[in-house]
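Have a look at the structure below before the remarks.
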Amino acid sequence: MTGIVSGYDVEVLRKDFPILERRLADDHPLVYLDSANTSQKPRQVLDRLREHYEQHNANVARAVHQLGEEATAAFEGARDTLAAFVKAPSRDEIIFTRGVTEGLNLVANVLAWAEPPYRVGPGDEVLVTEMEHHSNIVPWQLLTQRTGATLRWIGLTDEGRLDLSNLDELITERTKVVSLVHVSNMLGTLNPVADIARRAHEVGALVVLDAAQAVPQLPYDVTATGADIVGFTGHKMLGPTGIGVLWGRRDLLAALPPFHGGGEMIEDVRMERSTYAGPPHRFEAGTPPIAQAIGLAAAADYLTAVGMDNVAAHEQAITAYALERLQAVPGIRILGPTTVEDRGGAISFTYGTLHPHDIGQVLDSLGIAVRGGHHCAKPVHRRFGIGASTRASAYLYTTTAEIDALAGGLEQVRRFFGVRF
Amino acid sequence: MQLTSMYQEIILDHYRDPHGRGLREPYGGESHQVNPTCGDEVTLRVQLDDDVVRDVSYEGMGCSISQASQSILHDLVVGQPLPRAREIAADFLTLMQSKGEPAVAESLEDSLEDAVAFVGVGRYPARIKCALLGWMAFRDASEQAAVAQGGTG
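Here the protein sequences line up with chains A and B, keeping their order. The numbering of the first sequence is this note's numbering, which starts it at 225 and goes up by one. The numbering of the second sequence is this note's numbering, which starts it at -13 and goes up by one.
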């Protein structure tokens, strides 16, 4: 490592990630700069998954045998681990979901059926922002279209931050929900969520956070965010795919109706009607992703052992390094904040007139993995007058040498297409 | 390097200097196509003169593969009778579905001329849609144009 100092030895840590030793076509070593898309997994997570399937596999909460008890203990133990990881006041506030997408859909759906004061109906408003991932736009469009409510949104400044100049017009007594991203997956912007939550609570609105990019990078305290509900996903924080967490304030969850109906979410079922379990099981119908939850707990243990303060410091340092290196490449235009202040690790950019597909393809031929496209955030691309961008995103295993490889790779891209900027 | 199998020089030439770009009047049919995975878009117009493709004009944003493909489409179908233009479009689809098989490209060389350079794209499933975007728009717009002029198409 050169250029930055981290609270841990990145080269030693990288040995925990078998995939980082891979060599790709033409013997290029993998340079993985797509962690905002999905992170790589350490051996500790992979071992925990294997151990569960090899030694303890059984369904949870319904098997009266030793394996069932072991699997249930591990699964519910994962709930304790995740509660501690985000400083949730109670383990019953941790709902396991498939990911943030399912979590946000859960919230948007149950608010159509909730009792007052939570129900969203005709004349009510839901407020989102222009920098949301599609998963924090479309569920709210569906809710408002189906209930006769209105969807509004906070616009953006040219620097890629929320334009809060008209917030008083946007948050009114009609506002029932304010749902926003904590750290943008495209611009990298870290939003002032506690301030916005305070304003929203003044009018009695619920505050929902998409923390998919925040929880993997920051020491996280759900209550400090000021939000009522926070969703995050496992696969972006070293865990398996197919598992996520929806945290909600206990009294709020207790007042909300079920989402999916099925096994495990009930108290009693008669042919005429059913009564439901309390949170969190009320919101976890069917066999849950058991191994995935256990794997996610292993990921949380791993991050805790490294230290989330160290993870955040490394993310800041490597992002600062990348912003500086990229801005020195002629033709690069960073979308979003150009310094690390109030910023996460995703760096999206345009490169002259070259298209992200072409940039990504040539970088791929050099072993460099970035994302090219709209990153499931079309409105924010439209806001900046483009259809797509290239995104590089680092994580705790990213080295400055990999950022150097990207900068060098971009020069090769330019030469390959024979253009000058 | 494998890269040059996709980005053949002829494709890069069309990308740097596209033929027939820009939307023109008159036109008998227009189609707007979007690639949902990357957000690329094309608006393409077709003008028929009896049964002959008189003009194909287009505008949009996209990668070199999609831009070059639209440029080559323009070169191949303008001046052709519509049934022949549709054969060319069908052949291009076959080429894209060939998984980069050189024998398929060879068998289509008489029909597709320079467009066989796209054979390498067929090896990259994520990029096939890029190459086909303009051709999908052409199929749609030419059908509209045929209907508009009262032909059977």
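Glycine residues also receive a C-beta, built at the ideal position from the N, C-alpha and C atoms.
Item to check | CB-CB length for A285(A) against M410(A), believed under 8 angstroms | outcome: The sequence position of residue 285(A) within the first sequence is 61, counting from 1. The sequence position of residue 410(A) within the first sequence is 186, counting from 1. A285(A) to M410(A), Cβ: 39 angstroms. No contact.
Item to check | Unbroken beta strand (DSSP E) run spanning S498(A), endpoints | outcome: Here residue 498(A) corresponds to residue number 274 of the first sequence, with the count starting at 1. Residues S498 to Y500.
Item to check | Contacting positions in the stretch 2 to 28 of chain B - beta carbon closer than 8 angstroms to chain A | outcome: For the stretch 2 to 28 of chain B, residues whose beta-carbon sits nearer than 8 angstroms to a beta-carbon of chain A comprise R2, T23, C24, G25, D26 and E27.
Checklist entry - Name the chain B residues whose beta carbon is nearer than 9 angstroms to that of V586(A)? => result Here residue 586(A) refers to the residue found at position 362 when the first sequence is read from its first residue. The contacting residues are L(-11) and Y(-7).
Next on the checklist: Counting only Cβ pairs nearer than 9 angstroms, list the residues of chain B close to H581(A).
Outcome noted: Against the first sequence, residue 581(A) aligns to sequence position 357. Within 9 angstroms Cβ-Cβ: C24, D26, G48, C49, S50, I51, S52, A112, R113 and C116.
Item to check | Close Cβ partners of M225(A) (< 7 angstroms) along its chain, the five nearest in sequence each way excluded | outcome: Numbered from 1 along the first sequence, position 1 holds the residue referred to as residue 225(A). Any reading at M225(A) must be qualified, since the residue scores a pLDDT of 44, below 50, and its modelled position is unreliable; the value itself is stated next. If we look at M225(A) and ignore the five residues flanking it on each side, its Cβ neighbours are V234, E235, T623 and T624.
Checklist entry - How about V586(A) and L(-11)(B): do their beta carbons lie closer than 8 angstroms? => result Here residue 586(A) is taken as the residue at index 362 of the first sequence, counted from 1. Here residue -11(B) is taken as the residue at index 3 of the second sequence, counted from 1. Taking C-beta atoms as the reference points, V586(A) and L(-11)(B) count as a pair closer than 8 angstroms.
Next on the checklist: Applying the 10 Å Cβ sphere with the 16-neighbour rule, what's the burial state of R272(A)?
Outcome noted: Within the first sequence, residue 272(A) is the residue found at index 48, counting from 1. It is buried - the Cβ of R272(A) has at least 16 other Cβ atoms within 10 Å.
Item to check | Three-state class that DSSP yields for V553(A) in the structure shown | outcome: Here residue 553(A) refers to the residue found at position 329 of the first sequence. Coil, per DSSP.
Item to check | Where I243(A) falls, given that 16 or more other Cβ within 10 Å makes a residue buried | outcome: The count along the first sequence starts at 1 and reaches residue 243(A) at position 19. The residue in question, I243(A), is exposed, as its Cβ has fewer than 16 Cβ neighbours within 10 Å.
Next on the checklist: Quick check on G597(A) - is its C-beta less than 8 angstroms from some C-beta in chain B?
Outcome noted: Here residue 597(A) is taken as the residue at index 373 of the first sequence, counted from 1. Taking Cβ atoms only, chain B reaches closer than 8 angstroms to G597(A), which makes this a yes.
Next on the checklist: Classify M489(A): buried if its beta carbon has 16 or more other beta carbons within 10 angstroms, exposed otherwise.
Outcome noted: In the first sequence, residue 489(A) corresponds to position 265, counting from 1. With 16 or more Cβ atoms within 10 Å of its Cβ, M489(A) is classed as buried.
Item to check | Beta-bridge partners of F456(A), as assigned by DSSP | outcome: Working through the first sequence from its first residue, we reach residue 456(A) at position 232. Partner(s): V469(A).
Item to check | Cβ pair count under 8 angstroms reaching 3, the stretch 312 to 323 of chain A against the stretch 447 to 466 of chain A | outcome: yes
Next on the checklist: Contact criterion: CB-CB distance below 8 angstroms. Does D(-1)(B) meet it with respect to chain A?
Outcome noted: As a first step, residue -1(B) must be located in the second sequence, where it is residue number 13. D(-1)(B) has a beta carbon lying at 8 angstroms or more from every beta carbon in chain A.
Checklist entry - Under 8 angstroms between C-beta atoms, does G632(A) make it to chain B? => result What you label residue 632(A) is simply residue 408 of the first sequence in a count that begins at 1. Not one chain B Cβ lies under 8 angstroms of G632(A).
Next on the checklist: If we require 3 or more residues per run, which beta strand (DSSP E) segments fall completely within the stretch 539 to 585 of chain A?
Outcome noted: 556 to 559 and 570 to 575
Next on the checklist: Among V344(A), L462(A), T353(A) and S613(A), whose alpha-carbon lies nearest the alpha-carbon of L620(A)?
Outcome noted: As a working mapping, residue 620(A) is identified with position 396 in the first sequence. Out of V344(A), L462(A), T353(A) and S613(A), L462(A) has the C-alpha closest to the C-alpha of L620(A).
Item to check | Short CB-CB distance (under 8 angstroms) between G611(A) and chain B | outcome: On the first sequence, residue 611(A) is found 387 positions in, with the first residue counted as 1. Yes, contact with chain B.
Checklist entry - Could you give the distance in angstroms between the alpha-carbon of Y280(A) and the alpha-carbon of E508(A)? => result Working through the first sequence from its first residue, we reach residue 280(A) at position 56. Working through the first sequence from its first residue, we reach residue 508(A) at position 284. Per the sequence shown, residue 280(A) should be read as His rather than Tyr. If I take the Cα positions, the gap works out to 21 angstroms.
Item to check | Length-filtered (3 minimum) beta strand (DSSP E) runs lying within the stretch 55 to 128 of chain B | outcome: Runs found: none.
Next on the checklist: Taking 8 angstroms as the limit between beta carbons, can you name the residues of its chain near G485(A), skipping five residues before and five after?
Outcome noted: As a first step, residue 485(A) must be located in the first sequence, where it is residue number 261. Correct list, in chain order: S498 and A509.
Item to check | Which of helix, strand or coil DSSP assigns to G139(B) | outcome: For the purposes of this step, residue 139(B) is taken as the residue at position 153 of the second sequence. Confidence at G139(B) is low in this model, with a pLDDT of 46, below 50, so its placement is unreliable and the value that follows should be read with caution. Three-state DSSP puts G139(B) in coil, outside helix and strand.
Checklist entry - According to DSSP, which residues form a beta bridge with E16(B)? => result Mapped onto the second sequence, residue 16(B) falls at position 30. According to DSSP, E16(B) bridges with R31(B).
Checklist entry - What's the gap between the Cα of A515(A) and the Cα of G472(A)? => result What you label residue 515(A) is simply residue 291 of the first sequence in a count that begins at 1. What you label residue 472(A) is simply residue 248 of the first sequence in a count that begins at 1. Roughly 23 angstroms between the two C-alpha positions.
Next on the checklist: If distances are taken between C-alpha atoms only, which option among P313(A), S403(A) and D582(A) comes closest to T325(A)?
Outcome noted: Start at 1 with the first residue of the first sequence, and residue 325(A) comes out as number 101. For T325(A), the closest alpha carbon among the candidates P313(A), S403(A) and D582(A) is that of S403(A).
Checklist entry - Along the stretch 248 to 260 of chain A, what residues have a CB closer than 9 angstroms to any CB found in chain B? => result A249 and D250
Checklist entry - Is the CB of F657(A) under 8 angstroms away from at least one CB in chain B? => result The structure shown does not extend to residue 657(A), since chain A spans only 225 to 645, so no value can be given for it.
Next on the checklist: Residues in the same chain with beta-carbon distance under 6 angstroms from N333(A), minus the five sequence neighbours each way, listed in chain order, please.
Outcome noted: Residue 333(A) sits at position 109 when you count from the first residue of the first sequence. F483, listed in sequence order.
Item to check | Neighbour flag for K265(A) against chain B, beta carbons, 8 angstroms | outcome: Along the first sequence, read from residue 1 onward, the residue named residue 265(A) stands at position 41. Answer no: the Cβ-Cβ gap between K265(A) and chain B never drops below 8 angstroms.
Checklist entry - With contact counted as at least three CB pairs below 8 angstroms, one residue from each stretch, are the stretch 382 to 395 of chain A and the stretch 362 to 371 of chain A in contact? => result no
Item to check | Distance between R423(A) and A373(A) (C-alpha atoms, nearest Å) | outcome: As a working mapping, residue 373(A) is identified with position 149 in the first sequence. As a working mapping, residue 423(A) is identified with position 199 in the first sequence. Each residue's alpha carbon lies about 20 angstroms from the other.
Next on the checklist: Nearest by alpha-carbon distance to Y342(A): which of P481(A), L254(A), F309(A) and A593(A) is it?
Outcome noted: Your numbering for residue 342(A) matches position 118 in the first sequence. Minimum Cα distance to Y342(A) is reached at P481(A).
Item to check | Cβ neighbour criterion (16 or more within 10 Å) applied to A418(A) | outcome: Taking the first sequence and counting its residues from 1, one reaches residue 418(A) at position 194. Flag for A418(A) reads exposed.
Item to check | Own chain, CB closer than 8 angstroms to W337(A), minus 5 neighbours either side, in chain order | outcome: In the first sequence, the residue the question calls residue 337(A) occupies position 113. Cβ within range, chain order: R343 and P481.
Item to check | Identified DSSP bridge partners for E349(A) | outcome: For the purposes of this step, residue 349(A) is identified with residue 125 of the first sequence, where counting begins at 1. E349(A) is bridged to T374(A) and T399(A).
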